[in-house]
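Numbering (UniProt numbering), first residue to last: 1 to 109. Here the structure is laid out as structure tokens; the discussion comes afterwards.
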């Protein structure tokens, strides 16, 4: 398999801004949009962790709008919520919302 040639990358626009300014801009987005920016470049991969503002986590957005979810789906979602909380290192969180309907999937209901 041939080796990939390293390409010279030309920085432009937002890529030339310091991380602090990018984090301030990303903090103005919804949490979902902020996390989505992590795929735009390697440099932006972890910047969402340092945002401030609101964190809203909704099982319907995480798992699509599917109403048919079982206890395993809910359990995976809640483990993901814990992982997000552990990874977030921002200076503050103004609002933290977790939306998860257990419905009849819970073995405790």
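Glycine included, each C-beta is placed from N, C-alpha and C at the ideal position.
Checklist line | Beta-carbon contacts of residue 27 that lie in its chain and below 6 Å, excluding the five residues immediately before and after | finding: Translated into positions along the chain shown, residue 27 becomes position 27. Closer than 6 Å at Cβ, skipping near neighbours: 51, 52 and 53.
Next item on the list: Determine the direct distance from the alpha carbon of residue 48 to that of residue 16, and round the result to whole angstroms.
Entry: As a working mapping, residue 16 is identified with position 16 in the chain shown. As a working mapping, residue 48 is identified with position 48 in the chain shown. Taking the straight line joining both Cα atoms gives about 18 Å.
Margin query: Determine whether the beta carbon atoms of residue 37 and residue 43 lie at a separation below 8 Å.
Written below: For the purposes of this step, residue 37 is identified with residue 37 of the chain shown, where counting begins at 1. For the purposes of this step, residue 43 is identified with residue 43 of the chain shown, where counting begins at 1. In this structure, residue 43 does not lie closer than 8 Å to residue 37 by Cβ.
Margin query: Going by DSSP, what residue range makes up the beta strand (DSSP E) through residue 57?
Written below: Taking the chain shown and counting its residues from 1, the one referred to as residue 57 is at position 57. Looking at the DSSP string, the run of the beta strand (DSSP E) that includes residue 57 is 53-58.
Check: Do you know how far the Cα of residue 25 is from the Cα of residue 99?
Finding: Translated into positions along the chain shown, residue 99 becomes position 99. Translated into positions along the chain shown, residue 25 becomes position 25. Spanning the two alpha carbons is a distance of roughly 25 Å.
Check: Around the Cβ of residue 59, are there at least 16 other Cβ atoms within 10 angstroms (buried) or fewer (exposed)?
Finding: On the chain shown, residue 59 is found 59 positions in, with the first residue counted as 1. Buried.
Margin query: By the DSSP assignment, the alpha helix (DSSP H) with residue 79 in it spans what residues?
Written below: Position 79 of the chain shown, counted from the first residue, corresponds to residue 79. Start and end: 71-87.
Notebook entry, point to check: Which residues does DSSP pair with residue 42 in a beta bridge?
Noted result: If you number the chain shown from 1, residue 42 lands on position 42. The partner list for residue 42 (beta bridge, DSSP) is empty, contrary to what the question assumes.
Check: Among residues of its own chain, excluding the 5 on either side of residue 56, which ones have a beta-carbon nearer than 6 Å to its beta-carbon?
Finding: The residue labelled residue 56 in the question sits at position 56 within the chain shown. Around residue 56: 31 and 97.
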